[in-house]
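Down below is the structure, laid out as structure tokens.
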Amino acid sequence: METPPRPELFDFHGVSMTKYFTDNWDNVKNFKAKADDIVIATYPKSGTTWVCYLLDRLYFGKTHPEKETSLPLYIRVPFLELCIPGHPKGKDLADELTITPRLIKTHLPVQLVPETFWEHNCRVIYVARNPKDVAVSHFHFCRMNSIHPAPGDWDGFLQRFMDGNMAYGPWHEHVDGWWEKKQTYPKLHYIFYEDLTENLGQEIDKLCSFLDLSPSAEEKESIISAVKFDRMKDNKVTNFTNAPLMNLKLSPFMRNGKVGDWKSHFTVAQSEQCDEHYKQKIRNPALQFRTEV
Ligand code: A3P
Numbered sequence: 398m399e400t401p402p403r404p405e406l407f408d409f410h411g412v413s414m415t416k417y418f419t420d421n422w423d424n425v426k427n428f429k430a431k432a433d434d435i436v437i438a439t440y441p442k443s444g445t446t447w448v449c450y451l452l453d454r455l456y457f458g459k460t461h462p463e464k465e466t467s468l469p470l471y472i473r474v475p476f477l478e479l480c481i482p483g484h485p486k487g488k489d490l491a492d493e494l495t496i497t498p499r500l501i502k503t504h505l506p507v508q509l510v511p512e513t514f515w516e517h518n519c520r521v522i523y524v525a526r527n528p529k530d531v532a533v534s535h536f537h538f539c540r541m542n543s544i545h546p547a548p549g550d551w552d553g554f555l556q557r558f559m560d561g562n563m564a565y566g567p568w569h570e571h572v573d574g575w576w577e578k579k580q581t582y583p584k585l586h587y588i589f590y591e592d593l594t595e596n597l598g599q600e601i602d603k604l605c606s607f608l609d610l611s612p613s614a615e616e617k618e619s620i621i622s623a624v625k626f627d628r629m630k631d632n633k634v635t636n637f638t639n640a641p642l643m644n645l646k647l648s649p650f651m652r653n654g655k656v657g658d659w660k661s662h663f664t665v666a667q668s669e670q671c672d673e674h675y676k677q678k679i680r681n682p683a684l685q686f687r688t689e690v
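For the sequence shown, this note's numbering assigns the number 398 to the initial residue and increments by one for each residue that follows.
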């Protein structure tokens, strides 16, 4: 399969986007949700795959044990707005799912999410991660995945990240917008990557209470073990081995999986500038991010 050419950014309903996330827009907008669909929403590089797999294990771990299924996670949990020529569209993959609940991934900012999910009062799980680690993770991701504009060097990339000059717009508007939605939409569960890292068991309990699930202690232990970074890195279902669009030789998808990796990329001046920038930009003071655990 051919690697798609690097896309240009353009303004899409007030959000910086590329054609690979907007070309199927009419169909995405008219997607037909079902009441038991579960949406996993994130800004890119915030732990989407981790939480998608956690949910996959929670719902289907018993019926589809890991060894019996080789279908990659990106097929099992379709990326709704993804539209790359010559590849299955996320919306079509979602339509084709026969499982219940359907798990559907999106990176859309809250104001662009198809109405159908709100109309059906679907459960939504939003995963947020601190901006410094997101920026580093995104930088390496853009190096190896040509569906994003080329990252250039780190200094330039960080500036563009803070300016929001990348697909899905500014990080702070994304996390803020979803946080605001949570205040009026009770079926939204907001998770932090840093909390998952620090106490996965507790976060699974909160998630299960939100989803009305009650796994046995044994099931929970088996899920905790399956979603560990090293296990997911070695697992073909989750590590994007053979994913048509990624060059894992340039950077693995399961790259580092840590809180605080930003320290190996940021200068002191960049770190201070970033802290100050987001102190000004984040609207809701209750929304706080930890850059170390
Ligand atoms: P790094 O690049 O910092 O390693 P997304 O799925 O939203 O694209 O996010 C990818 C990031 O989540 C990557 O971060 C990846 O390593 C990390 N990640 C994926 N699975 C993880 C896990 N089980 N534990 C911790 N981090 C994980």
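By construction, the Cβ of each residue, glycine as well, lies at the ideal position given by its N, Cα and C atoms.
Are the CB atoms of residue j and residue i within a distance shorter than 8 Å?
i, j, result
"Trp447", "Val624", "yes"
"Lys442", "His535", "yes"
"Gln508", "Gly574", "yes"
"Lys502", "Val474", "yes"
"Asp658", "Val531", "no"
"His537", "Thr439", "no"
"Cys519", "Ile601", "no"
"Leu455", "Leu610", "yes"
Quick check: does the Cβ of residue i come within less than 7 Å of any heavy atom belonging to the ligand A3P?
i, result
"Asn653", "yes"
"Met643", "no"
"Asp631", "no"
"Pro404", "no"
"Val634", "no"
"Asp489", "no"
"Ser622", "no"
"Pro469", "no"
"Phe407", "no"
"Asp530", "yes"
"Thr638", "no"
"Phe626", "yes"
"Gly598", "no"
"Ser413", "no"
Can you list, in chain order, the residues of its chain with a C-beta nearer than 6 Å to that of residue i? Leave out the 5 residues immediately preceding and following it.
i, result
"Arg540", "Pro548, Leu647 and Ser648"
"Ala432", "His517"
"Val572", "Ala525"
"Gln556", "none"
"Phe607", "His586"
Using DSSP bridges, identify the partner residues of residue i.
i, result
"Arg520", "Ile435"
"Thr503", "Ala438"
"Ile588", "Val524"
Take residue i and list the residues in its own chain whose beta-carbon comes closer than 7 Å to its own, dropping the five residues that flank it on each side.
i, result
"Tyr450", "Leu470, Val624, Met629 and Thr635"
"Ile472", "Leu490"
"Thr497", "Asp433"
"Lys416", "Pro404"
"His674", "Met559"
If I measure Cβ to Cβ from residue i and keep anything under 8 Å in the same chain, skipping five residues before and after, which residues do I get?
i, result
"Asn681", "Asp573, Trp576 and Glu577"
When the Cβ atoms of the segment 482-493 are set against those of the segment 424-437, are three or more pairs found closer than 8 Å?
Three or more Cβ pairs closer than 8 Å define a contact, and the segment 482-493 meets that threshold against the segment 424-437.
Taking one C-beta from the segment 406-424 and one from the segment 552-571 each time, how about it: are there three or more such pairs within less than 8 Å?
Enough Cβ pairs lie closer than 8 Å, so yes.
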